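Visitor: Quick one: the structure is below, and I'll ask about it shortly.
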Amino acid sequence: MLSNSVKILAVDDVPDNLFILESILTDVDEYDISCVENGKIAIEKVLENPPDLILLDVMMPGIDGYEVTRRIRENRALPYIPILLVTAHDHSSLAEGLDSGADDFIRKPFDIDELMARVRSLIRLKHSLDEQSEMIRQRDDFVARLTHDLRTPLVAANRMLSLCLEDAFGTPPDSVKEALSSIITNNENLLQMTNTLLQVYRHEAGHKKLSKSAFSAYTLVNEVVRELKPLADDKGIDLSIEALSTDGKAQVESTSTSYWIEGDRIELRRLLTNLLGNAIKFTDSGCVTAQISVNSSKVGSSKVGSSKVDSSKIEQVPLAEVVEIAIKDTGPGIELEAQKRIFEWFYQGSHMKSGSGLGLHLSKRIAEMHEGTLTLESKVGKGSTFTLMLPVAGRF
């Protein structure tokens, strides 16, 4: 068998039909044909050794062609396999076949030239998509290696620069110390971007696994607020946390054991740090407030902008009770056009303080991995509110 052979699986409950298909396709040297007579065996063969193309009869006893197609498409562990449905009945539903996941459709008795043309077309499609997948894999591998390899020299460089500032190698002039401090700051910014890019890659590639536990969302938010308060104080901004009861009033009882959620504490801390850090960075005066509440009635949100939104596009939290964390600021606000793209990968916006465009994309991914939502409501000149909604503990 040639190394570049094309593996084709033909499935039909009529042996004569399989004989005809095999006779036609074996005339092409690079085609390697396997034949099976029912859907059950076909699925087993696909799982054992995925072919490059499947010629699948629609009407078969037991598992028909539609069901075989659906099961193959539902198996995310399988690579993409083009499926050509074959039927002898004029009344067979083309729509049902395509909706089940088939790529093309041909009726029996078929014209040999037409069959071969469809086979060649689907094989070209398979090769094209495989090449794209390989390019994406190589790109992701490059990004992962690059970000990983950048971290070590950056950390080492900053350590040596810090030693210089601590006079470990003699006392440098003030002008040199100022330059060293600037280099350290730039290196720290690059290190932060590198770490974020690595986290985004892990989430996008599906390599990130959540370590779930139950904890108080209020406690986590309070920790992040205390950690970032010095940054807010330096800018003269009031940074605070506000806990609301179910009736919307300020919480008076202990909140350390309230607002329980279930999830990865480290990832959610990363999300909240990013949201609060952004709010502080973009707010020059006024306040930043982290407002936390339990919402027992709303199961979705239309907070994608300040204008009305089609109800069919409202993001839904599939639970009746959620913990809602709203990060509110009195910053410049975000234009409507930018709001539509704010969570896109590498979207930076037009603000002079905009970063790499990775943080909000990563935050959105973290929220979705926790079966929650992250939405935005903003008005130019009036500030912005990023709202994170997460299921209460024990619900997912």
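Here the working numbering is used: position 108 in the sequence shown is 108, and no number is missing along the way. A virtual CB, placed ideally from N, CA and C, is assigned to each residue, including glycine. Just so it is clear, the structure is predicted and the values come from calculations on it, not from any experiment.
(1) Are the CB atoms of I261 and L390 within a distance shorter than 8 Å?
(2) How far does the alpha helix (DSSP H) with L94 in it extend, from its first residue to its last?
(3) Does the contact criterion of 3 or more C-beta pairs under 8 Å hold for the segment 39 to 55 versus the segment 131 to 142?
(4) Straight-line CA distance for L228 to G277?
(5) Which one of L21, N17 and K7 has the shortest CA to CA distance from E30?
(6) First and last residue of the beta strand (DSSP E) that includes S240?
(7) In chain order, what residues of the same chain lie with their CB nearer than 7 Å to the CB of P79, ignoring the 5 residues before and after it?
(8) Would you mind stating whether L358 and L231 have Cβ atoms separated by less than 8 Å?
(9) DSSP three-state label for D284, please.
(10) Give the single residue among L85, D111, I112 and E96 whose Cα lies nearest to the Cα of D104.
(11) Smallest Cα separation from D264: which of L190, A214, F282 and E335?
(12) Identify whether Y31 lies in helix, strand or coil by the three-state DSSP scheme.
(13) Between L271 and A393, how many whole angstroms is the CB-CB distance? I'm expecting something under 8 Å.
(14) Do C287 and D234 have their CB atoms nearer than 8 Å?
(15) Exposed or buried, what is P82 when buried is set at 16 or more other beta-carbons lying within 10 Å of its beta-carbon?
(16) Which term fits F19, buried or exposed, when burial requires 16 or more other beta carbons within 10 angstroms of its beta carbon?
(17) Are K108 and A77 close, meaning C-beta to C-beta below 8 Å?
(18) Quick one: residues in its chain with C-beta nearer than 6 Å to the C-beta of G381, no 5 flanking neighbours on either side, listed in chain order?
(19) Excluding the 5 residues preceding and the 5 following D32 in the sequence, name in chain order all residues of the same chain whose CB lies nearer than 8 Å to its CB.
(20) If you measure between the beta carbons of I123 and I24, is that distance less than 8 Å?
(21) Quick one: what does DSSP say T375 is sitting in, helix, strand or coil?
(22) Which residues bound the beta strand (DSSP E) around G333?
(23) In whole angstroms, give me the CA-to-CA distance for M160 and V176.
(24) Could you give the distance in angstroms between the alpha-carbon of L150 and the alpha-carbon of I280?
(25) DSSP beta-bridge partners for L390?
(26) Return the CA-CA distance between V225 and D329, expressed in angstroms with no decimal places.
Guide: Let me lay it out:
(1) In the sequence shown, residue 390 corresponds to position 390, counting from 1. In the sequence shown, residue 261 corresponds to position 261, counting from 1. Their beta carbons are under 8 Å apart, which means L390 touches I261 by this criterion.
(2) As a position in the sequence shown, residue 94 is number 94, starting the count at 1. Residues L94 to D99.
(3) no
(4) Position 228 of the sequence shown, counting from 1, holds the residue named residue 228. Position 277 of the sequence shown, counting from 1, holds the residue named residue 277. Taking the straight line joining both Cα atoms gives about 7 Å.
(5) As a working note, residue 30 is residue 30 in the sequence shown. When only C-alpha atoms are compared, the closest one is K7.
(6) Against the sequence shown, residue 240 aligns to sequence position 240. Taken as a continuous stretch (DSSP letters only), the beta strand (DSSP E) holding S240 covers D238 to A243.
(7) Here residue 79 corresponds to residue number 79 of the sequence shown, with the count starting at 1. P50.
(8) Numbered from its first residue, the sequence shown carries residue 358 at position 358. Numbered from its first residue, the sequence shown carries residue 231 at position 231. Not a contact, by the Cβ cut-off of 8 Å.
(9) In the sequence shown, the residue the question calls residue 284 occupies position 284. In this structure, D284 counts as coil in the three-state DSSP scheme.
(10) Along the sequence shown, read from residue 1 onward, the residue named residue 104 stands at position 104. Closest by alpha carbon: L85.
(11) As a working mapping, residue 264 is identified with position 264 in the sequence shown. Looking at the Cα atoms, A214 is the closest of the given residues.
(12) Taking the sequence shown and counting its residues from 1, one reaches residue 31 at position 31. Correct three-state label for Y31: strand.
(13) For the purposes of this step, residue 271 is taken as the residue at position 271 of the sequence shown. For the purposes of this step, residue 393 is taken as the residue at position 393 of the sequence shown. So it is not a contact: roughly 17 Å between Cβ atoms.
(14) For the purposes of this step, residue 287 is taken as residue 287 along the sequence shown, with counting starting at 1. For the purposes of this step, residue 234 is taken as residue 234 along the sequence shown, with counting starting at 1. No.
(15) Counting from one through the sequence shown, the residue named residue 82 turns up at place 82. Counting Cβ neighbours within 10 Å, P82 comes out buried, since at least 16 surround it.
(16) Within the sequence shown, residue 19 is the residue found at index 19, counting from 1. Its Cβ having fewer than 16 others within 10 Å, F19 is exposed.
(17) Residue numbering aside, residue 108 sits at position 108 when the sequence shown is read from its first letter. Residue numbering aside, residue 77 sits at position 77 when the sequence shown is read from its first letter. Not closer than 8 Å, so no.
(18) Residue numbering aside, residue 381 sits at position 381 when the sequence shown is read from its first letter. Excluding residues within five positions, the ones whose Cβ falls inside 6 Å are G333.
(19) Along the sequence shown, one-based indexing puts residue 32 at 32. If we look at D32 and ignore the five residues flanking it on each side, its Cβ neighbours are M1, S5, V6, K7 and I8.
(20) The count along the sequence shown starts at 1 and reaches residue 123 at position 123. The count along the sequence shown starts at 1 and reaches residue 24 at position 24. Contact: no.
(21) Position 375 of the sequence shown, counting from 1, holds the residue named residue 375. T375: strand per DSSP, three-state reduction.
(22) Reading the sequence shown from its first residue, position 333 is the one you call residue 333. Element bounds for G333: n/a, residue is neither H nor E.
(23) Here residue 160 is taken as the residue at index 160 of the sequence shown, counted from 1. Here residue 176 is taken as the residue at index 176 of the sequence shown, counted from 1. The alpha-carbon atoms of M160 and V176 are separated by roughly 14 Å.
(24) Residue 150 sits at position 150 when you count from the first residue of the sequence shown. Residue 280 sits at position 280 when you count from the first residue of the sequence shown. Spanning the two alpha carbons is a distance of roughly 28 Å.
(25) Position 390 of the sequence shown holds residue 390. For L390, which the question treats as bridged, DSSP gives the partners V323.
(26) Taking the sequence shown and counting its residues from 1, one reaches residue 225 at position 225. Taking the sequence shown and counting its residues from 1, one reaches residue 329 at position 329. Going from the Cα of V225 to the Cα of D329 covers about 13 Å.
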